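Structure first, then comments.
In the working numbering, the protein residues as written are 422 to 653.
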């Protein structure tokens with residue numbers, strides 16, 4: 422009898438531990454797309470400078486790239502791309518920054534993004550959120566465009582943050598797995614050693630170097646007293 426109870430407890434624990442997996446598999450990417458959202462799309466013939474200002478003006482960090490001659494989405498342009506280009510050519514004697522500004526996105530991609538050029542990773546609205554999370558992790562990307570296979574239209578850009586926000590809407594109604602009672606360090610989530618940071622007086626180019634070399638998406642700004650004043 423005791424053995425049976427132990428087996429049942431193990432079954433319940435196992436069932437609770439994969440509750441979030443089952444949740445993700447039961448919802449589609451379409452479920453997470455807002456009824457109203459802003460999506461910026463750039464044609465690859467647009468000038469790089471105009472693309473950068475458009476991202477800033479619209480308050481977005483990335484945009485799908487449309488190639489007219491092939492009538493298809495061919496990639497993404499992100500703030501990280503601008504950081505990588507500035508980092509690579511800041512000290513280049515061959516290329517002036519103003520020259521890069523005048524380049525079209527397609528030229529930029531062909532000449533300066535050769536090392537990191539990859540086909541666009543995307544997902545359909547009918548795919549599960551589990552597939553979306555798997556794709557984000559497998560491809561080591563932070564943004565996943567949702568593209569309608571019928572119309573070819575880009576509907577939304579999925580991010581880790583957006584998926585977590587969607588999960589948070591339902592988490593109070595779901596069973597709590599045992600690992601939810603543990604802290605972040607116990608679960609091995611986060612960085613606790615050799616943390617990348619900058620100071621208020623750190624030159625911008627040095628900050629850009631750290632972003633690229635340490636492959637981080639944010640940097641804490643630490644003041645003279647050792648306190649974090651802001652995160653960039």
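Ideal Cβ placement from N, Cα and C applies to all residues, glycine included. Predicted model, so just to flag it, every value in this text is computed and none were measured.
Reduced DSSP secondary structure (H/G/I, E/B, other) of residue i
i: residue 468; result: strand
i: residue 438; result: helix
i: residue 511; result: coil
i: residue 429; result: Legend: pLDDT at residue 429 = 43, less than 50; position of this residue unreliable, value from coordinates given subsequently. Helix at residue 429.
i: residue 482; result: coil
i: residue 424; result: Residue confidence is low: residue 424 scores 46 on pLDDT, short of 50, so the model does not pin down where it sits. Its coordinate-derived value is still stated next. Three-state result, residue 424: helix.
i: residue 593; result: helix
i: residue 473; result: helix
i: residue 616; result: coil
i: residue 544; result: strand
Beta-carbon proximity list for residue i, same chain, < 8 Å, skipping 5 on both sides
i: residue 429; result: Residue placement at residue 429 is flagged as unreliable, the pLDDT there being 43, under the threshold of 50; the coordinate-derived value follows with that caveat. Cβ neighbours of residue 429 beyond the five flanking positions: none.
i: residue 619; result: 627, 628, 631, 640, 641, 642, 643, 653
i: residue 555; result: none
Residues near residue i by beta carbon distance below 7 Å, same chain, minus five either side
i: residue 458; result: 577
i: residue 503; result: 473
i: residue 647; result: none
i: residue 580; result: 563, 564
i: residue 464; result: 487, 489
Residue i burial status per 10 Å Cβ neighbour count (16 or more: buried)
i: residue 530; result: buried
i: residue 384; result: Only positions 422 to 653 of the chain appear in this structure, which leaves residue 384 out of reach.
i: residue 600; result: exposed
i: residue 651; result: exposed
i: residue 425; result: A caution first: residue 425 carries a pLDDT of 42, below 50, which makes its placement in the model unreliable, though a value can still be read off. By the neighbour-count rule (16 or more Cβ atoms within 10 Å), residue 425 is not buried but exposed.
i: residue 590; result: exposed
i: residue 469; result: buried
i: residue 496; result: buried
Limits of the alpha helix (DSSP H) - the one that residue i falls within
i: residue 556; result: 550-559
i: residue 451; result: 450-453
i: residue 462; result: Taken as a continuous stretch (DSSP letters only), residue 462 belongs to no alpha helix (DSSP H), as it is neither H nor E.
Close beta carbons around residue i, own chain, < 6 Å, minus the five adjacent residues each side
i: residue 511; result: 626
First and last residue of the uninterrupted beta strand (DSSP E) at residue i
i: residue 575; result: 575-580
i: residue 565; result: 564-568
i: residue 494; result: 493-499
i: residue 649; result: 649-652
i: residue 642; result: 641-643
> Touching or not, the region 438-445 and the region 543-554, by the rule of three or more beta carbon pairs under 8 Å?
Replying inline: yes
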